[in-house]
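Novice: Chains as they are written, first to last, in the numbering used here: chain A, 940 to 1359; chain B, 2 to 272.
Every residue, glycine too, gets a C-beta built ideally from N, C-alpha and C.
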Amino acid sequence: MRVFLYGTSHKTAPVEFREQLAFPPEELKNVLRGLIEECHFDEAVVLSTCNRVEIYGRSAPRYAKAEPIRDLVSRFNGLDPEEIDRHAYFYLDEEAVRHCFRVGSSLDSMIVGEPQITGQIKEAYFEAKKHQATGPILNNLFERAFNVAKRVRTETGIASHAVSVSFAAVELARKIFADLKDRSVLLVGAGEMGEMAARHLTSHGVERVLVANRTYERAVEMARGFLGEAIPFEALGERLADADIVISTTGSSQPIITKEQVQRALRARRNRPMFFVDIAVPRDIEPAVNELANVYCYDIDDLETVVESNIKERQREADRAEEILSQEVQAFVQWFASLDAVPTIVELLEKSDKVRREEVAKTLAKLVNVGEQERQSIEAMAHAIVKKILHDPIVTLKKHSGDEEGGKILGIARRLFNLD
Amino acid sequence: MSAIFLHITVISYFLAAGAFLIFFYSKSKRVGVAGTALVLVGFITHTAAMALRAQEVGHLPLTSLHEAMTFFSWTITLLFLISRYKYRIEILGAFVVPLAFITLGYAAVLPSEVRPILPVLKSSWLAIHVTLAVLGNAAFAVTFVAGIMYLLQERQLKRKKPGAFYYRLPSLEVLDQLGYRALSFGFPFQTLGIITGSLWAAYAFGSYWRWDPKETFTLITWFIYAVLLHGRLVVGWRGRRAAFLCIVGFCTVMFTFVGLSLLTEGYHSFQ
């Protein structure tokens, strides 16, 4: 019995190909049935997202092959089998388990640590379970994959650094101010990105929102959405001191906030730090503002740089996650091996064979005048006894190989026959 | 007996400092917990070492540079543990614990034999004076470390290129507050240390202030911290300038405390 996986992902296939390969949700049931009936899977799970299509299976060793799966896939979506081959991978046993855990923990994702894939893989698993396509092995594989994902998320920082510009702004704010709770944010301009960043900030505790816009009505409207305060555009300079965080998104061709204004604001604030986020192009805030003490001014390029290094930092965390993965893969592989009845059956046969040969030899040595015919009869009888006695245990072991009771029965058999 | 405990402490702090540096590099929570555990073990043996020493010499062990450094390191560790649990800044260990190790390691190589103290210094004023001064110095050590961490984090934020420190150090505000709290803890102790010292001098030598080098330099550090505190409270100094002054202040503290004890002679040099 083997576990394996066949699939393609953003790492092996371009998006045009993945689009064609993905199964529509209503087809999944038929794909699962095809895998079990035509490809002789004992268990199957099909994961189909825009970034990857992967088919997980468990079957007898002789059916653990890529070709039948490929042919089935090709029949479903009408792609040329050779074309599929060019983009597909096939992993067996330990490699398949490792891949499954990596995918589930979002280590194989386009942006490492993004959490959607964990949800998608859960859906795929529950879908397969609903159609009774899974059994003890894949159930355990996927349950463990979810646990591994949880461990990776809590024990490493793969999901902890912002990979979007607006979240990066929030993160920076939290590196400047300890707690965003008593902070205020000033939105200058009614840009969508500014609004989004302000939403993130309020969801992280910022309570006070000020809005300034050239058209005062628009400012009032936006301020209402935040339960904030609209301020006249002309009063921007004076009210600057009230803001800890300033997000600017106007379409102005001239800087709106100057170094002098900020300097004045700082004096009024007694040097309490200020954080400027300039999402506008061309910029709204004089870059020289960043030279002032206790002022941090980031434009859109700076935020992109932060996002880039955050992605790199996630990658470093992902390397630490591989350690956790190795442990978990080993644990699964061990459990999986313990379920396999074949080695136990072989040992059982060897042991009884040895007993049979010894006892026959002993008996023959005691007897005198034994002819060839009698010797053969004695040998045949010993053989038949051993075979008949072992018949039921072996059938039982084979029957339960891979199911819930399998591991338990194997353990009992090994103890009864003293095989360890 | 106290020497054995002291050596165990030196080893624990060494291992703890190593653990915290690995923690800084790897961010592995388990290593961070191990670091704190080693500090706790060290702190217990450290306390035992000082208690046993007190028993051996028959008074509070604060009369030689060895003893004062031992107490200094103990106070730094205590303040680290308090900040660690109160403000949850685990990464502080990567900066403070090496300092605790260095000061104690230095104490351990200083001559530690028990010598008779000058008769004029035999007074419980001495214990009070030295305790207050050392408490102040240890608090200044924390402001120093907070200042360094602040400058590192501030540099990353100003240059807009997040690096190792950006991801590991707490926010500027937390570091600024830590420095400020340690300062407002240390300054009164130093002030009281100076007052008790001069009262005792008046009693022992007949004059409050004798301009011995240590007294002069202590006055300089007191002024540095007074200016800093004044700037913070009245002018709204904070951030980089405050952090920088904390670092300068602690350098003069260490020069006064260690440098002058070795370079000069007299009743203030523990000789």
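Between the Cα of residue 59/B and those of 269/B, 149/B and 118/B, spot the shortest distance and give me the residue it belongs to.
Specialist: The shortest C-alpha separation from residue 59/B is found at 118/B.
Novice: Buried or exposed: where does residue 161/B fall if 16 or more other Cβ atoms within 10 Å of its Cβ makes it buried?
Specialist: Flag for residue 161/B reads buried.
Novice: Counting contacts by CB-CB distance shorter than 8 Å, is residue 168/B in contact with chain A?
Specialist: Closer than 8 Å: yes.
Novice: Give me the chain B residues within the contact set of residue 1219/A, using Cβ-Cβ distance strictly less than 7 Å, ordered along the chain.
Specialist: In chain order: nothing, as chain B lies at least about 17 Å away.
Novice: Terminal residues of the continuous alpha helix (DSSP H) containing residue 947/A?
Specialist: Careful: residue 947/A lies outside any alpha helix (DSSP H), inside the beta strand (DSSP E) at 941-948.
Novice: Are the stretch 1036-1047 of chain A and the stretch 1084-1093 of chain A touching by the rule of at least three beta carbon pairs closer than 8 Å?
Specialist: Output reads yes: the stretch 1084-1093 of chain A touches the stretch 1036-1047 of chain A.
Novice: Is residue 1029/A helix, strand or coil by DSSP?
Specialist: In the structure shown, residue 1029/A sits in a strand (DSSP, three-state: E or B).
Novice: So what's residue 1190/A in DSSP terms, helix, strand or just coil?
Specialist: In the structure shown, residue 1190/A sits in coil (DSSP, three-state: anything other than H, G, I, E or B).
Novice: Going straight from the alpha carbon of residue 153/B to that of residue 108/B, what length do you get?
Specialist: About 29 Å.
Novice: Identify every run of the alpha helix (DSSP H) within the stretch 7-41 of chain B, keeping only runs that are complete inside it and at least 4 residues long; order them along the chain.
Specialist: Whole alpha helix (DSSP H) segments, 4+ residues: zero.
Novice: Measure the alpha-carbon distance for residue 177/B versus residue 24/B and round it to whole angstroms.
Specialist: Their Cα atoms are separated by approximately 23 Å.
Novice: Closest to residue 155/B by CA distance: which of 1236/A, 1250/A and 1293/A is it?
Specialist: Checked all of 1236/A, 1250/A and 1293/A; the closest Cα to residue 155/B is 1236/A.
Novice: So for residue 977/A, helix, strand or coil by DSSP?
Specialist: Of the three classes helix, strand and coil, the one that applies to residue 977/A here is coil, per DSSP.
Novice: Rounded to whole angstroms, what is the Cα-Cα separation between residue 1/B and residue 238/B?
Specialist: Here chain B has residues from 2 to 272 only, and residue 1/B is not among them.
Novice: Give me the subset of the stretch 182-193 of chain B whose CB atoms are less than 7 Å from a CB atom of chain A, sorted by chain position.
Specialist: Listed by position, the residues of the stretch 182-193 of chain B near chain A (Cβ gap below 7 Å) amount to none.
Novice: Within 10 Å of its beta-carbon, does residue 138/B have 16 or more other beta-carbons around it, so buried, or fewer, so exposed?
Specialist: Buried, by the Cβ-count rule.
Novice: Taking the CB atoms as reference points, tell me whether residue 1186/A and residue 1137/A lie closer together than 8 Å.
Specialist: The answer is yes: Cβ separation under 8 Å.
Novice: Quick check: the Cα distance between residue 100/B and residue 94/B, rounded to an integer number of angstroms?
Specialist: Taking the straight line from one Cα to the other gives about 9 Å.
Novice: Considering only the beta carbon of each residue, do residue 1342/A and residue 1075/A sit closer than 8 Å?
Specialist: In this structure, residue 1075/A lies closer than 8 Å to residue 1342/A by Cβ.
Novice: Any idea if residue 224/B is buried or exposed, counting beta-carbon neighbours within 10 angstroms, 16 or more meaning buried?
Specialist: Exposed, by the Cβ-count rule.
Novice: Note down, in chain order, all residues in the stretch 1223-1241 of chain A with a beta-carbon under 8 Å from any beta-carbon belonging to chain B.
Specialist: Result list: 1229, 1232, 1233, 1235, 1237 and 1241.
Novice: Entirely within the stretch 84-127 of chain B and at least 4 residues each: give me those alpha helix (DSSP H) ranges in chain order.
Specialist: Counting only runs of 4 or more, we get 94-110.
Novice: From residue 17/B to residue 1067/A, what distance separates their C-alpha atoms?
Specialist: Computed Cα separation, rounded: 50 Å.
Novice: Alpha carbon to alpha carbon, how far is residue 1077/A from residue 1061/A?
Specialist: Rounded to the nearest angstrom, the two C-alpha atoms are 12 Å apart.
Novice: Please determine if the stretch 1005-1015 of chain A and the stretch 1093-1108 of chain A are in contact, where contact requires at least 3 C-beta pairs separated by less than 8 Å.
Specialist: Judged by Cβ distances under 8 Å, the stretch 1005-1015 of chain A makes no contact with the stretch 1093-1108 of chain A, as fewer than three pairs qualify.
Novice: Considering only C-alpha positions, which residue in the set 1294/A, 1003/A and 1281/A is nearest to residue 1332/A?
Specialist: For the residues 1294/A, 1003/A and 1281/A, the minimum Cα distance to residue 1332/A belongs to 1281/A.
Novice: In whole angstroms, what is the alpha-carbon distance linking residue 142/B and residue 1034/A?
Specialist: The straight-line gap from Cα to Cα measures roughly 52 Å.
Novice: Consider the Cβ of residue 1087/A: report whether some Cβ of chain B lies at a distance smaller than 8 Å.
Specialist: Judged by the 8 Å Cβ criterion, residue 1087/A is not in contact with chain B.
Novice: In the DSSP assignment, find the beta strand (DSSP E) that holds residue 1235/A and state where it starts and stops.
Specialist: Where residue 1235/A is concerned, the enclosing beta strand (DSSP E) stretches over 1234-1238.
Novice: Smallest Cα separation from residue 124/B: which of 19/B, 2/B, 28/B and 198/B?
Specialist: It is 198/B whose Cα lies nearest to the Cα of residue 124/B.
Novice: Are the CB atoms of residue 1151/A and residue 1125/A nearer to each other than 8 Å?
Specialist: For residue 1151/A and residue 1125/A, yes; Cβs fall inside 8 Å.
Novice: Would you say residue 175/B lies against chain A (beta-carbon separation less than 8 Å)?
Specialist: Yes, its Cβ sits closer than 8 Å to a Cβ of chain A.
Novice: On the three-state DSSP scale, how would you describe residue 1149/A?
Specialist: In the structure shown, residue 1149/A sits in a strand (DSSP, three-state: E or B).
Novice: Suppose contacts are defined by Cβ-Cβ distances below 8 Å. Is residue 1225/A in contact with residue 1197/A by that definition?
Specialist: Yes, these two residues count as a Cβ contact at 8 Å.
Novice: Give me the chain B residues within the contact set of residue 1245/A, using Cβ-Cβ distance strictly less than 8 Å, ordered along the chain.
Specialist: Result: 161 and 163.
Novice: Count Cβ pairs between the stretch 1248-1264 of chain A and the stretch 1291-1306 of chain A that sit closer than 8 Å; are there 3 or more?
Specialist: Touching, no.
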